[in-house]
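There are 2 protein chains.
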Amino acid sequence: MTDGALDTGGPHPVRVLLADDEHLIRGALAALLALEDDLLVVAEAASGPEALAMARAHRPDVAVLDLQMPGKDGVAVATALRAELPGCRTMIVTGHGRPGHLKRALAAGVRGFVPKTVSAQRLAEIIRTVHAGSRYVDPELAADAISSGDSPLTAREAELLELAADGAPIAEIAERASLAPGTVRNYLSSAAAKLSAENRHAAVRIARERGWI
Amino acid sequence: MTDGALDTGGPHPVRVLLADDEHLIRGALAALLALEDDLLVVAEAASGPEALAMARAHRPDVAVLDLQMPGKDGVAVATALRAELPGCRTMIVTGHGRPGHLKRALAAGVRGFVPKTVSAQRLAEIIRTVHAGSRYVDPELAADAISSGDSPLTAREAELLELAADGAPIAEIAERASLAPGTVRNYLSSAAAKLSAENRHAAVRIARERGWI
DNA sequence: CCGTCCCTCTGACATTTGTCACACACGCCC
DNA sequence: GGGCGTGTGTGACAAATGTCAGAGGGACGG
Numbered sequence: 001m002t003d004g005a006l007d008t009g010g011p012h013p014v015r016v017l018l019a020d021d022e023h024l025i026r027g028a029l030a031a032l033l034a035l036e037d038d039l040l041v042v043a044e045a046a047s048g049p050e051a052l053a054m055a056r057a058h059r060p061d062v063a064v065l066d067l068q069m070p071g072k073d074g075v076a077v078a079t080a081l082r083a084e085l086p087g088c089r090t091m092i093v094t095g096h097g098r099p100g101h102l103k104r105a106l107a108a109g110v111r112g113f114v115p116k117t118v119s120a121q122r123l124a125e126i127i128r129t130v131h132a133g134s135r136y137v138d139p140e141l142a143a144d145a146i147s148s149g150d151s152p153l154t155a156r157e158a159e160l161l162e163l164a165a166d167g168a169p170i171a172e173i174a175e176r177a178s179l180a181p182g183t184v185r186n187y188l189s190s191a192a193a194k195l196s197a198e199n200r201h202a203a204v205r206i207a208r209e210r211g212w213i
Numbered sequence: 001m002t003d004g005a006l007d008t009g010g011p012h013p014v015r016v017l018l019a020d021d022e023h024l025i026r027g028a029l030a031a032l033l034a035l036e037d038d039l040l041v042v043a044e045a046a047s048g049p050e051a052l053a054m055a056r057a058h059r060p061d062v063a064v065l066d067l068q069m070p071g072k073d074g075v076a077v078a079t080a081l082r083a084e085l086p087g088c089r090t091m092i093v094t095g096h097g098r099p100g101h102l103k104r105a106l107a108a109g110v111r112g113f114v115p116k117t118v119s120a121q122r123l124a125e126i127i128r129t130v131h132a133g134s135r136y137v138d139p140e141l142a143a144d145a146i147s148s149g150d151s152p153l154t155a156r157e158a159e160l161l162e163l164a165a166d167g168a169p170i171a172e173i174a175e176r177a178s179l180a181p182g183t184v185r186n187y188l189s190s191a192a193a194k195l196s197a198e199n200r201h202a203a204v205r206i207a208r209e210r211g212w213i
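Chains as they are written, first to last, in full-length UniProt numbering: chain P, 1 to 213; chain W, 1 to 213.
Here is the structure:
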């Protein structure tokens, strides 16, 4: 064991898992992180399920997950990892961060949340921060989340709004939710009013933007 | 001037402009392309207008543009470049390629269209291909575009569908299009029928997926 | 225990939206 | 020119949607 005085991260480099479906980014990122002496990319994955399998096999210290991946999204993977590998810290990297994702991520135990607009060096610092046990949330995304505030929708309203998201007619939504059509209309109307939307479709759009569904 | 026998691209390296709002990717990409002897990244930009300004200043041989950028999207930049710098080849790199974008891009004179799932080395090859004057379109994206086929919508139908995209009520659409409400309903109904949609909102969603609006 | 508040749920009613039949203009082929 | 097909535009009618008033139930504090 090397126990001399080391100033670049100590004897144990941080073992990193990289998961992103865009090879271009993942490969480039791996190359840049490899330049950091104290970081070691031990596994890469291009999908949610693959990320989980890789994590089981390689037991990384930190998992860097893209939000949008085929199969399972980043937050879902983080949730699963929390249960399976409690010692593994998770962080999310995302292209266009919407407030709701941030809240979902933090609820799933994610320790870091950053947009892809940061530099690689900054990302390396954040990986170290997260590995050390601190949390890091991009200030701009945090501001967005705070300014957008909590969802004013009740659970049922959000649920029905989600069922209405693909433009289905009321009758179909009512059937899927096992409710009377009138009830469905009422919830959607209430949700639209809270969101200052003209109708349920505009409400869906607004709720999406705010990350509330 | 070096004029000896060179086998890695000749005496004039390909001058490349990189435009992408995600620093993480742009920086990483620049680093990876720098490993190629015959490619030289002469400028980087994080937005559409910035990309144009950089292109004017540095006159690159090939402009690698992200599709989604603040200010002006990649296709819009490509259109402007075609007029201002006819000698500059343009190519689009995109995260999630939808058929309509590909058609728009080709119409704008773009010579290359690739998803971000390709590797950096592959991208380097494609930059060379494009610089040599050939075109390159990712096979999978091309297949999508062909299978999705041409839009069955007439010009007016597509136009009104676009106005309906944010969930606005018919009256507002009619006003913005200077048409009678009945006419608007008729066009949207026709568009919905062609797309096998239950209503105009579902039609909007389908047309978006197919890249027809 | 009681009142109060909020969420859930429903049906009746008015408004909005989708469907249909039809009129007009334009381009095309014979 | 005459016949034909297609895109554009309109209004009447039927169906879907949004609005409203209100009933029932659980949580919370006085």
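Heads up, the beta-carbon is just placed ideally off N, CA and C, and yes, glycines get one too.
What would DSSP say about residue i, mapped onto helix, strand or coil?
{"i": "P/Met69", "result": "coil"}
{"i": "P/Arg89", "result": "strand"}
{"i": "P/Arg15", "result": "strand"}
{"i": "P/Thr79", "result": "helix"}
{"i": "P/Ala145", "result": "helix"}
{"i": "P/Val118", "result": "coil"}
{"i": "P/Ala63", "result": "strand"}
{"i": "P/Glu198", "result": "coil"}
{"i": "W/Ala168", "result": "coil"}
{"i": "W/Leu29", "result": "helix"}
{"i": "P/Ser190", "result": "helix"}
{"i": "W/Thr183", "result": "helix"}
{"i": "P/His96", "result": "coil"}
{"i": "P/Thr154", "result": "coil"}
{"i": "W/Ile213", "result": "coil"}
Expressed to the nearest angstrom, what Euclidean distance is found between the alpha-carbon atoms of residue i and residue j?
{"i": "P/His12", "j": "P/Asp38", "result": "8 Å"}
{"i": "W/Val93", "j": "P/Ala63", "result": "26 Å"}
{"i": "W/Ala53", "j": "P/Ser178", "result": "57 Å"}
{"i": "W/Trp212", "j": "P/Val110", "result": "38 Å"}
{"i": "W/Ala145", "j": "W/Asp138", "result": "11 Å"}
{"i": "W/Asn186", "j": "W/Leu35", "result": "58 Å"}
{"i": "P/Val42", "j": "W/Ala197", "result": "47 Å"}
{"i": "P/Ile170", "j": "W/Leu160", "result": "23 Å"}
{"i": "P/Leu106", "j": "W/Ser190", "result": "45 Å"}
{"i": "W/Ala155", "j": "P/Ala164", "result": "28 Å"}
{"i": "P/Met69", "j": "W/Pro99", "result": "20 Å"}
{"i": "W/Val184", "j": "P/Ala55", "result": "54 Å"}
{"i": "W/Arg210", "j": "P/His96", "result": "22 Å"}
{"i": "residue 216 of chain P", "j": "P/Leu141", "result": "Residue numbering for chain P in the displayed model covers 1 to 213; residue 216 of chain P lies beyond these limits and cannot be assessed."}
{"i": "P/Ala193", "j": "P/Ala202", "result": "11 Å"}
{"i": "W/Ala5", "j": "W/Arg82", "result": "Caution is warranted here: a pLDDT of 42 is assigned to W/Ala5, below 50, making its placement in the model unreliable, and the coordinate value is therefore given only provisionally. Spanning the two alpha carbons is a distance of roughly 34 Å."}
Could you tell me whether any Cβ in chain W is nearer than 8 Å to the Cβ of residue i?
{"i": "P/Lys116", "result": "yes"}
{"i": "P/Ser47", "result": "no"}
{"i": "residue 221 of chain P", "result": "Beyond the ends of chain P as shown, which are 1 and 213, falls residue 221 of chain P; an answer cannot be given."}
{"i": "P/Gly167", "result": "yes"}
{"i": "P/Asp150", "result": "no"}
{"i": "P/Gly112", "result": "no"}
{"i": "P/Asp61", "result": "no"}
{"i": "P/Ala191", "result": "no"}
{"i": "P/Glu22", "result": "yes"}
{"i": "P/Leu29", "result": "yes"}
{"i": "P/Ser119", "result": "yes"}
{"i": "P/Asn186", "result": "no"}
If we cut at 8 Å on Cβ distances, does residue i have a partner in chain P?
{"i": "W/His101", "result": "no"}
{"i": "W/Arg205", "result": "yes"}
{"i": "W/Ile170", "result": "no"}
{"i": "W/Ile25", "result": "yes"}
{"i": "W/Ala80", "result": "no"}
{"i": "W/Gly95", "result": "yes"}
{"i": "W/Leu141", "result": "no"}
{"i": "W/Ser134", "result": "no"}
What does DSSP give as the partner residue(s) for residue i in the beta ladder?
{"i": "P/Gly112", "result": "P/Met91, P/Tyr136"}
{"i": "W/Glu162", "result": "Bridge partners of W/Glu162: none, in fact."}
{"i": "P/Leu39", "result": "P/Val14"}
{"i": "W/Glu22", "result": "Per DSSP, none; premise fails for W/Glu22."}
{"i": "P/Ala45", "result": "P/Ala19"}
Nearest CA to the CA of residue i: which residue from the options?
{"i": "P/His131", "options": "P/Gly112, P/Leu141, P/Thr117, P/Ala120", "result": "P/Gly112"}
{"i": "W/Gly48", "options": "W/Ala202, W/Asp73, W/Arg122, W/His96", "result": "W/Asp73"}
{"i": "P/Ala108", "options": "P/Pro99, P/Ala76, P/Val204", "result": "P/Ala76"}
{"i": "W/Asp61", "options": "W/Leu106, W/Gly133, W/Leu188", "result": "W/Gly133"}
{"i": "P/Gly27", "options": "P/Glu36, P/Val16, P/Glu44, P/Leu35", "result": "P/Glu44"}
{"i": "P/Leu102", "options": "P/Met69, P/Ala143, P/Leu81", "result": "P/Ala143"}
{"i": "W/Pro152", "options": "W/Ala168, W/Ile173, W/Ile206", "result": "W/Ile206"}
{"i": "W/Leu195", "options": "W/Glu175, W/Glu50, W/Gly182, W/Asp150", "result": "W/Asp150"}
{"i": "W/Val14", "options": "W/Leu67, W/Val114, W/Arg59, W/Arg104", "result": "W/Arg59"}
{"i": "P/Val118", "options": "P/Leu29, P/Glu84, P/Leu17", "result": "P/Leu29"}
{"i": "W/Tyr136", "options": "W/Gln121, W/Val114, W/Ser148, W/Pro181", "result": "W/Val114"}
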